[in-house]
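Notes follow once the structure below has been shown.
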Amino acid sequence: MRKNKNVAIDGNAGSGKSTVGRLLADRIQFEFIDSGLLYRAFAYIVLKKCAGKSNREEWVNIIQNIEFDLKGRVIYIDGKDVNEIELRKKEVDDLVSPVSTVKEIREIATEKLRKIADSKSVVMVGRDIGSVVLKNAFLKIYLTAPIEVRAKRRHKELLEKRVNIAFEEVLDNLKNRDVMDSNRDISPLTIPHDAYVIDTNYLSPKKVVDKIIQFFKGREYVL
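My numbering puts the first residue of the sequence shown at 126, with every later residue one more than the last.
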């Protein structure tokens with residue numbers, strides 16, 4: 126049986142993971158999986174069912190009893206696909222990090238993501254893919270960029286998706302996300318020791334993908 130050649134891409138919010146991941150998946154004909162969509166779906170359901178209450182046991186119970194299905198770039202909740210605009214709203218944004226710090230919720234997400242990667246070759250993006258979810262990934266990439274650059278990218282992306290939000294609000298949100306992601310007790314954002322680090326500040330998404338393709342081919346040659 127052929128072992129899947131999964132690619133793990135990690136990095137801070139706004140570092141270009143999703144854009145680069147999609148382009149790379151198209152180039153190498155793997156399935157693209159955005160783990161962030163799963164956590165956004167968790168936050169979205171918590172918001173709807175708990176009205177944002179901070180009872181974490183209730184969050185876990187709700188998430189355990191709802192069917193989440195991540196297919197490529199679409200998330201299904203109990204069989205119904207959810208509009209990404211809904212998942213990008215500020216109230217969901219504000220709840221993603223708190224929800225993702227809950228140990229039991231991360232375990233649920235990790236199990237779902239591993240099942241997907243076991244069934245096919247994927248390009249999976251997130252914050253703990255190379256360090257936790259896919260520790261044995263064929264190739265690990267870590268993307269980085271200054272926070273102001275990341276905020277501009279995220280703001281542009283949100284405006285294109287018709288999410289009306291001020292740049293300053295996006296910047297503040299990213300600062301908070303960085304702190305929470307790097308300091309949480311469970312699966313903090315970290316650079317895997319065997320990852321290739323790419324600063325995306327002065328590189329177009331295509332140039333970043335070109336670099337990753339070189340690393341990918343190099344790994345194939347070595348193995």
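Note that the Cβ used here is the ideal one computed from N, Cα and C, for glycine as well. As the structure is a computational prediction, the values presented were derived from the model and not from experiment.
Contacting residues, own chain, Cβ-Cβ under 7 Å from residue i (five flanking each side not counted)
| i | result |
| --- | --- |
| Leu220 | Ala168, Val171, Leu172 and Gly177 |
| Lys336 | Ile323 |
| Asp194 | Tyr201 |
| Thr315 | Ser256 |
| Ile230 | Phe167, Trp184, Val185, Ile188 and Val224 |
Closest Cα partner of residue i within the set the options
| i | options | result |
| --- | --- | --- |
| Gly343 | Leu264, Asn190 and Lys332 | Leu264 |
| Ala339 | His280, Asp297, Ser222 and Tyr321 | Before going on, a small fix: residue 339 reads as Gln here, not Ala. Of the listed residues, the one whose Cα sits closest to Gln339 is Tyr321. |
| Asp297 | Lys277, Glu285 and Asn308 | Lys277 |
| Ser329 | Leu268, Ser244, Glu293 and Val295 | Leu268 |
| Leu149 | Pro317, Asn131 and Gly139 | Asn131 |
Pairwise C-alpha distance: residue j and residue i
| i | j | result |
| --- | --- | --- |
| Ile323 | Gly255 | 15 Å |
| Glu345 | Ala234 | 29 Å |
| Asn289 | Arg147 | 24 Å |
| Met126 | Gln154 | Note on Met126: pLDDT 40, under 50, position unreliable in the model; the coordinate value appears next. If you take the alpha carbons of Met126 and Gln154, they lie about 19 Å apart. |
| Lys300 | Arg213 | 17 Å |
Beta-carbon proximity list for residue i, same chain, < 8 Å, skipping 5 on both sides
| i | result |
| --- | --- |
| Glu211 | Tyr169 and Val217 |
| Met305 | Ser222, Pro223 and Thr226 |
Beta-carbon gap between residue i and residue j smaller than 8 Å
| i | j | result |
| --- | --- | --- |
| Asp253 | Asp159 | no |
| Ile191 | Ile202 | yes |
| Thr325 | Gly161 | no |
| Arg279 | Asn137 | no |
| Tyr164 | Val207 | no |
| Glu156 | Val247 | yes |
| Ala133 | Ile272 | no |
| Val334 | Arg198 | no |
| Lys245 | Asn129 | yes |
Cutoff 6 Å; reference residue i; Cβ partners in own chain excluding five residues on either side
| i | result |
| --- | --- |
| Val257 | Ser312 |
| Glu227 | It is worth fixing the name first, because residue 227 is Val in this sequence and not Glu. For Val227, where only same-chain residues beyond five positions count, the Cβ hits under 6 Å are Arg181. |
| Leu238 | Ser160 and Val258 |
Those runs of the alpha helix (DSSP H) which lie wholly inside the segment 183-238 and span at least 4 residues: For the alpha helix (DSSP H) assignment, the uninterrupted runs of no fewer than 4 residues enclosed by the segment 183-238 are, from N- to C-terminal side, 209-212 and 215-225.
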